[in-house]
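Visitor: I'd like to ask some things about the structure below.
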Ligand SMILES: [Zn+2]
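In the numbering used here, the protein residues as written are 124 to 278.
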């Protein structure tokens, strides 16, 4: 177990619960689907891949709020059933050591740097981005599909 100088910020429970309510109410932008592969449906709340057979909700999430040049909304999954929010926030999530790109933003939500994770040591990439004092937070995204996965803040 390594101790990091950053903190992982999973999706807020209120947002996951709101997505579950919206899906239950049939919101057209909240799609319920069943995971059919082991490493294809990352839940942003518990930060685990949904297991085949588990139901997930796909919905749009504004990781960077509206009104800024880098404003961004994109599709994310959460488990359709309640799951426990990722708690080991001082440790990089084991399920997402591969296939992430890390984008550094300043305090006004401008993207100031981006690095592809090299797989074995994503912590080193994150720590390098955080060494820039301008960096306010780092967003981990899928390197292939670009979808927001989780946020990282300084401790
Ligand atoms: Zn989950």
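The C-beta atom is built at its ideal place from N, Cα and C for all residues, glycine as well.
#1: CB residue 168 to CB residue 130, shorter than 8 angstroms?
#2: Just how far apart, CA to CA, sit residue 220 and residue 136?
#3: On the three-state DSSP scale, how would you describe residue 185?
#4: Could you check whether residue 165 and residue 172 sit closer than 8 angstroms to each other, using their CB atoms as the reference points?
#5: Tell me, please, whether the region 196-203 touches the region 242-256 by the rule of three or more beta-carbon pairs shorter than 8 angstroms.
#6: Which complete alpha helix (DSSP H) runs does the region 129-175 hold, if anything under 4 residues is left out?
#7: Do you know offhand how far residue 226's Cα is from residue 233's?
#8: For residue 230, I'd like the list of residues in its chain whose CB is within less than 6 angstroms of its CB, leaving aside the five on either flank, ordered along the chain.
#9: Does the beta carbon of residue 232 fall short of 7 angstroms from some heavy atom of ligand 1?
#10: Among the residues of its own chain, which have a CB less than 7 angstroms from the CB of residue 276, if the five just before and after it don't count?
Guide: On the basis of the coordinates in this document:
#1: Stepping through the chain shown from its first residue, residue 168 is reached at position 45. Stepping through the chain shown from its first residue, residue 130 is reached at position 7. Cβ distance not < 8 angstroms, so residue 168 and residue 130 don't count as in contact.
#2: Counted from its first residue, the chain shown places residue 220 at position 97. Counted from its first residue, the chain shown places residue 136 at position 13. When only Cα atoms are considered, residue 220 and residue 136 end up about 23 angstroms apart.
#3: Looking up residue 185 in the chain shown gives position 62. In the structure shown, residue 185 sits in a strand (DSSP, three-state: E or B).
#4: Against the chain shown, residue 172 aligns to sequence position 49. Against the chain shown, residue 165 aligns to sequence position 42. It is a contact, given that the beta carbons lie within the stated cut-off.
#5: Too few Cβ pairs lie closer than 8 angstroms, so no.
#6: Taking only runs of at least 4 residues, the alpha helix (DSSP H) segments lying wholly in the region 129-175 are 136-147.
#7: What you label residue 226 is simply residue 103 of the chain shown in a count that begins at 1. What you label residue 233 is simply residue 110 of the chain shown in a count that begins at 1. When only Cα atoms are considered, residue 226 and residue 233 end up about 10 angstroms apart.
#8: The residue given as residue 230 occupies position 107 in the chain shown. Answer for residue 230: 259, listed in chain order.
#9: Looking up residue 232 in the chain shown gives position 109. Every heavy atom of ligand 1 is 7 angstroms or more from the Cβ of residue 232, so no.
#10: The sequence position of residue 276 within the chain shown is 153, counting from 1. Answer for residue 276: 129, 130, 132 and 260, listed in chain order.
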